[in-house]
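>
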Amino acid sequence: MDHFHYRNGQLMAENVPLEQIAAQVGTPVYVYSTATLKRHFRVFSEAFQGLDALVCFAVKANSNIAVLRVLAKAGAGADVVSLGELKRALKAGIPASKIAFAGVGKTKAEMAAALEAGIMQFNAESEAELETLNDVAASMDMVAPVSVRVNPDVDAKTHAKISTGKSENKFGIAWQKVDAVYARIGELANLKAVGVDLHIGSQLTDLAPFRLAFERVVGLVRDLRAKGHDIRHIDLGGGLGIPYDPDAETPPAPADYGAMIREVLGDMDCNIILEPGRLIAGNAGLLLTEMLYEKQGENRTFYILDAAMNDLSRPAMYDAYHAIVPVAEPSGDETLKADFVGPICESSDVFAKQRNTAPLKAGDLVAIKSAGAYGAVMASTYNSRPLVPEVLVDGDKVAVIRKRQSLDELLSLDEIPSWLSGD
Ligand code: LLP
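Sequential numbering of the sequence shown, starting at 0, is according to numbering that gives the first Met the number 0.
#1: With DSSP as the reference, label residue 47 as helix, strand or coil.
#2: In this structure, how does DSSP classify residue 232 when only helix, strand and coil are distinguished?
#3: Residue 175 by DSSP, collapsed to three states: which one?
#4: With DSSP as the reference, label residue 39 as helix, strand or coil.
#5: Please determine, among 115, 293, 375, the residue with the shortest C-alpha to C-alpha distance to residue 400.
#6: Please state whether DSSP places residue 241 in a helix, a strand or coil.
#7: Assign residue 423 to buried or exposed, taking buried as 16 or more other Cβ atoms, counted over all protein chains shown, within 10 Å of its Cβ.
#8: Just how far apart, CA to CA, sit residue 195 and residue 139?
#9: Looking at the secondary structure, which residues open and close the alpha helix (DSSP H) in which residue 133 lies?
#10: Do you know offhand how far residue 252's Cα is from residue 188's?
#11: Can you tell which of 294, 234, 115 has the C-alpha that lies nearest to the C-alpha of residue 273?
#12: Residue 367: beta carbon under 7 Å from a heavy atom of the ligand LLP?
#13: Hey, would you say the C-beta of residue 202 is under 7 Å away from at least one heavy atom of the ligand LLP?
#14: Taking Cβ positions, are residue 32 and residue 241 nearer each other than 8 Å?
#15: What does a CB cutoff of less than 8 Å around residue 440 pick up in its chain, not counting 5 residues either side in sequence?
#16: Only counting runs of 3 or more residues, tell me where the beta strand (DSSP E) segments fall wholly within the segment 151–206, in order along the chain.
#17: Which residue comes first and which comes last in the alpha helix (DSSP H) that contains residue 89?
#18: Closer than 7 Å to a non-hydrogen atom of the ligand LLP - does that hold for the CB of residue 198?
#19: With DSSP as the reference, identify every bridge partner of residue 4, one or two as the case may be.
#20: Any idea what DSSP makes of residue 76, helix, strand or coil?
#21: Please list, in chain order, all residues of the same chain as residue 307 whose beta carbon is under 6 Å from its beta carbon, the five residues on each side excluded.
#22: DSSP three-state label for residue 120, please.
#23: Does the beta-carbon distance from residue 359 to residue 290 come in below 8 Å?
#24: Please determine if the segment 400–409 and the segment 322–333 are in contact, where contact requires at least 3 C-beta pairs separated by less than 8 Å.
#25: Return helix, strand or coil for residue 293, following the three-state DSSP convention.
#26: Could you give the DSSP three-state label for residue 408: helix, strand or coil?
#27: Cβ of residue 274 within 7 Å of any heavy atom in the ligand LLP?
#28: Have a look at 353, 346, 309, 357 and flag the residue whose alpha-carbon is nearest the alpha-carbon of residue 331.
#29: By DSSP's criteria, residue 100 is part of a beta bridge. Which residues make up the other side?
#30: Please report the Cβ distance between residue 270 and residue 231, rounded to the nearest whole angstrom; I am assuming they are in contact, meaning their Cβ atoms lie under 8 Å.
#31: Between the C-alpha atoms of residue 61 and residue 36, what's the straight-line distance to the nearest angstrom?
#32: Quickly, what does DSSP pair residue 325 with across the bridge? List them, please.
#33: Give the range of the beta strand (DSSP E) segment to which residue 400 is assigned.
#34: Taking just the CA atoms, how far does residue 328 sit from residue 100?
#35: Can you tell me the Cα-Cα spacing of residue 57 and residue 202, whole angstroms?
#36: Under the rule that 16 or more other beta-carbon atoms within 10 Å means buried, what is residue 63, buried or exposed?
Written out as structure tokens, the structure is:
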């Protein structure tokens, strides 16, 4: 459930008409709803009530510091994958003791900064990384808490580009090697194994792959404990899907996901870490855009928007579905089919093909929904289009939480070398 709805014929973000935001900030612009962020975080957390569970928001889904601040205040920890994300999480007020650091390519500098900050754990992805982490920790006279990310070789049955738990994926350490890896950690003086970690993929709409992977991990933890490793944290990753298209997808409710986890892990006497990203932020944001032109093709109608694939890349990258709705509530029932496209010079710059829509005209505002996760964070400046702003709404309050990049800012990053200046 989200807090974007029509009132008096106008699409609102909570109590604020989107039209007003467009007038104040311009388009394209990402708009987030605080009430929706809080609600999703609460509903997800409630699914684990009574368990020793920590919900670490996957910062990669939406790393705006104000969004992180909303979640920090609600009690969230963070799953980070870079020094930039670590700094954002800390700046937002998420305590280091609630931060897990994941990713297959952590640099020494990132390891040192995370050790310095005192994070909860490193989710390690390779033997080589563990050796490096041990060296870095030794040079700082510290002991790094580590969880090994295991690759459970489970098919998440989601889009291939967001599937991570199969043996052919680059993530985690192969199932067969895990024993030896924990034995090696035991030999390294500056590492301490505190947990086990996995993440099998994103936008899962079925509990079965989760259950299979979690059962494998439970077996593994029992083995490791029997060998003397004090495994306290089990990090189950993120991945629970959301209804982008309510007519086509009915992902499991967080309560069902929680009940399944309770069933599989209930008697493990451990701290359970969860890393939802999309579920918290996805439907808490939309991309507000203006229609620039209508164009009649040979046998189709194109609605050309001022937003493009550089602003929201999911449709181009994953053929992802995003609902598209007019900001002015349609008065009649008339519909037609149109292709919603952006201005970029690529045929993949399409938000929706042959989508049923109310007739629109140039100048109309349109909302591309479910854009709060993997939206602004994946934006680029392709075609020299500056990064678009982000706005946070809370009731009737509105704040620009990231200003629009100016063309000057964008162009000032380039430099002409001395040998090319002059005539
Ligand atoms: N934990 C780890 C280790 C992850 O790699 C991810 C996502 C998450 C948690 C959060 O997953 P979520 O709950 O959001 O599904 N750009 C793609 C999604 C990539 C997900 C990458 N990892 C998209 O737009 O669909």
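The beta-carbon is built from N, C-alpha and C at its ideal position, and this holds for glycine as well.
Based on what the coordinates show:
#1: Residue state, collapsed to three classes: coil.
#2: Residue 232 falls in the strand class under three-state DSSP.
#3: Helix, per DSSP.
#4: Here residue 39 sits in helix by DSSP.
#5: Nearest of 115, 293, 375 to residue 400, Cα basis: 375.
#6: Coil, per DSSP.
#7: Here the chain comprises residues numbered 0 to 422, so residue 423 is not present and cannot be evaluated.
#8: C-alpha separation (whole angstroms): 24 Å.
#9: Counted as a single uninterrupted DSSP element, the alpha helix (DSSP H) harbouring residue 133 occupies residues 126–138.
#10: So the alpha carbons of these two residues sit roughly 43 Å apart.
#11: Out of 294, 234, 115, 234 has the C-alpha closest to the C-alpha of residue 273.
#12: Here the distance from the Cβ of residue 367 to the nearest heavy atom of the ligand LLP is not below 7 Å.
#13: Proximity of the beta carbon of residue 202 to the ligand LLP is indicated: a heavy atom of the ligand is located closer than 7 Å.
#14: Pairing residue 32 with residue 241 gives a Cβ-Cβ distance that is not under 8 Å.
#15: With the chain represented from 0 up to 422, any question about residue 440 goes unanswered, as that position is not in the structure.
#16: Those beta strand (DSSP E) runs which fall completely within the segment 151–206 and span 3+ residues are 190–196.
#17: Here the alpha helix (DSSP H) through residue 89 covers 82–90.
#18: Within the cutoff, so yes.
#19: DSSP lists 11 as partners of residue 4.
#20: Residue 76: strand per DSSP, three-state reduction.
#21: Residues of the same chain with a CB within less than 6 Å of the CB of residue 307, apart from the 5 flanking positions on each side, are 341, 342, 343, 348 in chain order.
#22: The three-state reading of DSSP puts residue 120 in strand, counting E and B together.
#23: Result yes, Cβ atoms of residue 359 and residue 290 sit closer than 8 Å.
#24: A contact between stretches requires three or more CB pairs, one per stretch, nearer than 8 Å, and the segment 400–409 fails this requirement with the segment 322–333.
#25: Of the three classes helix, strand and coil, the one that applies to residue 293 here is strand, per DSSP.
#26: Helix at residue 408.
#27: Because some heavy atom of the ligand LLP lies under 7 Å away, the Cβ of residue 274 counts as near it: yes.
#28: The candidate whose alpha carbon is nearest that of residue 331 is 357.
#29: 79, 121, per the DSSP bridge assignment.
#30: Beta-carbon to beta-carbon, residue 270 and residue 231 are separated by about 6 Å, close enough to satisfy the 8 Å threshold.
#31: Each residue's CA atom was taken as its position, placing residue 61 and residue 36 some 11 Å apart.
#32: 365, per the DSSP bridge assignment.
#33: First-last of the beta strand (DSSP E) with residue 400: 396–401.
#34: Taking the straight line from one Cα to the other gives about 44 Å.
#35: Straight-line measurement puts the Cα of residue 202 at about 13 Å from the Cα of residue 57.
#36: Counting Cβ neighbours within 10 Å, residue 63 comes out buried, since at least 16 surround it.
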